[in-house]
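The sequence shown runs -21 to -1, 1 to 386 under mature numbering (1 follows the signal peptide of the UniProt record, and there is no 0).
Glycine residues also receive a C-beta, built at the ideal position from the N, C-alpha and C atoms.
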Amino acid sequence: MKGSLYTTIELFFFFFHFVQDLHVTVSTSSYYFGWHLTILRYDVTLGTNTSGALHVLNFSKKCAKIKLLVHVSTAYVCGEAPGILMEKPLNLGKAARGRSNVVEVWNGENELVANRLHQLHSQNLTDKEITSAMQNLGLERAHYYGWPNTYTFTKAMAEMVMVESKGDLPLVIIRPTMVTSTLKDPFPGWLEGVRTVDGVLVSYAKGRLKCLAHKPEVVLNLIPADIVVNAIIGAMGMEFAEQHLDLIYHLSSSMKNPIKVSDIHDFMFTFFTKHPWRDRHGKEVQVAKLTNFSSMACFHVYMAIRFQLPLKILGLLNAILGRKWEANYVALHRKFKSGMQVIDLYKPYLFFEGIFDDTNLEDLRKRVSELGFCENGDQLNMNTRSINWEDYIMDVHIPGLVQFAMK
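So, in structure tokens, the structure goes:
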């Protein structure tokens, strides 16, 4: 008991001095944009992405020597806006829906979530049913305020709440696009889990994805993870030293070194033709070029003919013949569901027509090089022009995905 008390006291004084001496904090609380995005509950994403960021802000304001807060957001807080997207703060604007400010919106959403959870629990629903209901609520609220999904909505709300609540605390916001495996450090191809564009690659490699709806000329905004980390480190160092207040950085390749969705299609076909994935039985999965649809209307017609009509016929046969075709029905339904999940998740990005301005990032890269923050620009690489996309996707990213994430 005595030892436990001493430990508690020591921890208290350590934390007290830690808070007194802390100069920079980094907020990275995030339920990331990934393959499992479709099953995230609204209460979880709101609590993590929005409330979590505000908790970091409030903690930072209590640190006596704090000079800077760096918040890692996402470039897709812009929603589905087309054109050149500038590195500027968000404005709730018409999306406020009569609320006076974003903090009021956030409080209202928290109250809505609490009431809905109480209602769902009072109905004695299963965890699966509650999860589904909260997922649907998140999508409803995101669409209500003008965002395509729960992730981008809660991240956007976090940015706006932090800007409105920060007071005199300098705030730097980092907005990466789709973060992919490392280009160089700590070693090429490192990643954790199936995220962003990887969901398409994995489904394709395993033979589950046969078609895709996208505009072929749309730019896919990819950014390697180590470039993101380098930019965060650079921003922390430069802004702490020079006190540039309240800057926003887009970390994106779309402005200076774009890669198209059609390029990814070609690269993954070439790779998995040469290096086919083996299923759990050791059998090679043969891939073919995807059937591409340039509009959602064409895609839905295809899915209706290819899957929904046969499913209805199989369902009728099962009812008449005593479930004789049940296995066929289940297999076809799984393929249909998988295809729809991919499209539902990636539709806002496969038809996205925005280009992210990265003027602040380019300025940061030059300052890092000129002011001797590192010996040369390559040691803290933030230059998206340095990426050869074919080499990176074929020789770095997909091999890394196969090694570290695919099972």
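(message) Using a 10 Å radius around the Cβ and a threshold of 16 neighbouring Cβ atoms, would you call residue 116 buried or exposed?
(response) For the purposes of this step, residue 116 is taken as residue 137 along the sequence shown, with counting starting at 1. By the neighbour-count criterion, in which 16 or more other beta carbons inside 10 Å mark a residue as buried, residue 116 falls on the buried side.
(message) I'd like the list of long-range same chain contacts for residue 231, defined as Cβ closer than 7 Å, with 5 residues on each side in sequence excluded.
(response) Reading the sequence shown from its first residue, position 252 is the one you call residue 231. Closer than 7 Å at the Cβ level, and outside the excluded window around residue 231, lie 54, 156, 200, 202, 335 and 337.
(request) Hey, could you find the ends of the beta strand (DSSP E) residue 227 is sitting in? (result) Looking up residue 227 in the sequence shown gives position 248. For residue 227, the enclosing beta strand (DSSP E) covers residues 227 to 230.
(request) Can you grab the Cα-Cα spacing for the pair residue 367 / residue 161, in whole Å? (result) Indexing the sequence shown from 1 puts residue 367 at position 388. Indexing the sequence shown from 1 puts residue 161 at position 182. The alpha-carbon atoms of residue 367 and residue 161 are separated by roughly 13 Å.
(message) Per the DSSP calculation, residue 112 is bridged to which residue(s)?
(response) Taking the sequence shown and counting its residues from 1, the one referred to as residue 112 is at position 133. Its beta-bridge partners do not exist; DSSP assigns none.
(message) So, with DSSP's three-state summary, where would you put residue 349?
(response) The residue labelled residue 349 in the question sits at position 370 within the sequence shown. Helix at residue 349.
(message) Just to confirm, is the Cβ distance from residue 188 to residue 318 under 8 Å?
(response) As a first step, residue 188 must be located in the sequence shown, where it is residue number 209. As a first step, residue 318 must be located in the sequence shown, where it is residue number 339. If you check the CB distance, residue 188 and residue 318 come in under 8 Å.
(request) Give every residue of the same chain whose Cβ lies closer than 6 Å to the Cβ of residue 375, excluding the five residues on either side of it in the sequence, and list them in chain order. (result) On the sequence shown, position 396 is the one that residue 375 refers to. Contacts found: 167 and 168.
(message) Taking the straight line between their C-alpha atoms, what separation do you get for residue 1 and residue 49?
(response) By 1-based counting over the sequence shown, the position of residue 1 is 22. By 1-based counting over the sequence shown, the position of residue 49 is 70. Note that residue 1 scores 49 on pLDDT, short of 50, meaning its location in the model is unreliable; the coordinates nonetheless yield the value given after this. Roughly 13 Å separates the two Cα atoms.
(request) On the DSSP bridge assignment, give the partners of residue 151 in chain order. (result) Within the sequence shown, residue 151 is the residue found at index 172, counting from 1. Per DSSP, 49.
(message) I need the straight-line Cα distance from residue 103 to residue 303, nearest angstrom please.
(response) The residue labelled residue 103 in the question sits at position 124 within the sequence shown. The residue labelled residue 303 in the question sits at position 324 within the sequence shown. If you draw a straight line from the Cα of residue 103 to the Cα of residue 303, it comes to about 35 Å.
(request) Report buried or exposed for residue 300, applying the criterion of at least 16 other Cβ atoms within 10 angstroms of its Cβ. (result) Numbered from its first residue, the sequence shown carries residue 300 at position 321. With fewer than 16 Cβ atoms within 10 Å of its Cβ, residue 300 is classed as exposed.
(message) Using 8 Å for Cβ pairs, my map puts residue 82 next to residue 23. What's the rounded Cβ distance?
(response) On the sequence shown, residue 82 is found 103 positions in, with the first residue counted as 1. On the sequence shown, residue 23 is found 44 positions in, with the first residue counted as 1. Not a contact, Cβ separation roughly 21 Å.
(message) So, at 8 Å on beta carbons, what are the nonlocal neighbours of residue 143 in its own chain, with the 5 sequence-adjacent residues on each side left out?
(response) As a first step, residue 143 must be located in the sequence shown, where it is residue number 164. Once the five neighbours on either side are set aside, the close Cβ partners of residue 143 are 80, 81 and 82.
(message) Quick check on this structure: which residue in 122, 145 and 323 has the alpha carbon closest to the alpha carbon of residue 178?
(response) Looking up residue 178 in the sequence shown gives position 199. Per the Cα distances, 323.
(request) Using a threshold of 8 Å, state whether the C-beta atoms of residue 229 and residue 120 are closer than that. (result) Here residue 229 refers to the residue found at position 250 of the sequence shown. Here residue 120 refers to the residue found at position 141 of the sequence shown. It is not a contact, given that the beta carbons lie outside the stated cut-off.
(message) My output table needs one value for residue 210: the three-state DSSP class, helix, strand or coil.
(response) As a first step, residue 210 must be located in the sequence shown, where it is residue number 231. Three-state result, residue 210: helix.
(request) Please list the segments of the alpha helix (DSSP H) lying wholly inside the region 267 to 293, counting only runs of 4 or more residues, in order along the chain. (result) If only uninterrupted alpha helix (DSSP H) runs of at least 4 residues are considered, those enclosed by the region 267 to 293 are 275 to 282.
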